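Okay, so here's the structure we're looking at.
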Amino acid sequence: MATVGGDGWHTLAVTAATTAIAVSPREGLACGDSLNDLPAGSTAFLVALNAGDTSSNDAGITGGFDNARLSTGATTTTYDFEPVTPPACESAPRPGRTGTARADVVRGTAAGDRVDLLAGDDVADLLGGDDCVLGGAGRDTLRTGDGPDQVAGGADADTIDSGAGADLVDPGAGRDVVSAGAGDDEVSAADGEVDVVDCGAGTDTVIADRTDVLRNCETRL
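Numbering of the sequence shown is given in my numbering, commencing with residue 5 and proceeding in unit increments.
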């Protein structure tokens, strides 16, 4: 519970003798007083508030509301909760730009772009920002620049360069060539075709066929 003049930590000690604290239900839902009261298939959520800090650890910072300390006996573990950056296709501005059934050439901006290229052998140069690119059908060349981008190549053989940043790349069907660049990337290349994937620097994960050619990819699934 909150204390006046405290150091930012609000402590709740729980023992075998601790009395359950009633929680007011919302929308007519009933709250049990222990996990044993939850119906089968229920999910228990731990909700942490972020006070706007950007540090990797709030230890020693007054008002570190997104830290949790769990003490059991002589052991204390500190958990620091930070916001998760949403994928580019969730954060890029809508509606974005839409291509045509022909071969389009699209140049992006330094901000996050959303592009749906539809059919055709398209070329996209999207520069920086958190870009969302949907290649669609056709032999596309997709370059997203630096930033945590999300790229879906679509059907046919595509060439994808997602630049530096923690990228999410799904080249789609076809014999694709992917250069994920620096950053902790995730590439989904399993499609029954022979793809070439260079993950670049970082701790990368690739879902791949046994015949795919991988370079600089730390984890292959």
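All residues carry an ideal CB built from backbone N, CA and C; glycine is no exception.
Keep in mind that this is a model prediction, so the values were computed, not measured.
Using a Cβ-Cβ distance cut-off of 8 Å, the segment 139-151 and the segment 162-169 are in contact, since at least three pairs of beta carbons, one from each stretch, lie closer than that value.
C-alpha of T81 to C-alpha of T209: approximately 29 Å in a straight line. In the DSSP assignment, no residue is bridged to L225.
No Cβ-Cβ contact shorter than 8 Å links R118 with G132. The shortest CA-to-CA distance from R143 to any of D134, D202, A92, A128 is the one to A128. In its chain, beyond the 5 residues on either side, L130, L131 have a beta carbon closer than 6 Å to the beta carbon of G112.
Collapsing the DSSP output to three states places E94 in a helix. Distance between P152 and A184, taken at the CA atoms: about 10 Å. Counting along the chain, the unbroken beta strand (DSSP E) around A128 starts and ends at 127-129. A direct Cα-to-Cα measurement between P91 and A205 gives close to 20 Å. In this structure, G157 sits near D174, with a CB-CB distance shorter than 8 Å. Following the DSSP letters along the chain, one finds D202 inside the beta strand (DSSP E) bounded by residues 200-202.
Looking at the backbone, the Cα of G140 and that of A159 are separated by about 6 Å. For the segment 116-154, the full-length beta strand (DSSP E) segments reaching 3 residues or more read 118-120, 127-129, 136-138, 145-147 along the chain. Our two residues, T89 and D134, have alpha carbons roughly 10 Å apart in a direct line. DSSP places E197 outside both helix and strand once states are collapsed to three, so it counts as coil. Between the alpha carbons of V200 and T79 lies a gap of roughly 47 Å. Spanning the alpha carbons of E190 and V182 requires a straight line of approximately 11 Å.
The Cβ atoms of T102 and D120 sit closer than 8 Å to each other.
A residue is called buried when at least 16 other Cβ atoms come within 10 angstroms of its Cβ; L225 does not meet this threshold and is exposed. Closest option to I211, judged by alpha-carbon separation, among C203, S192, D202: S192. A Cβ-Cβ contact shorter than 8 Å links A123 with A105. From the listed residues A194, D216, A186, T215, the smallest Cα separation to C203 is found for A186.
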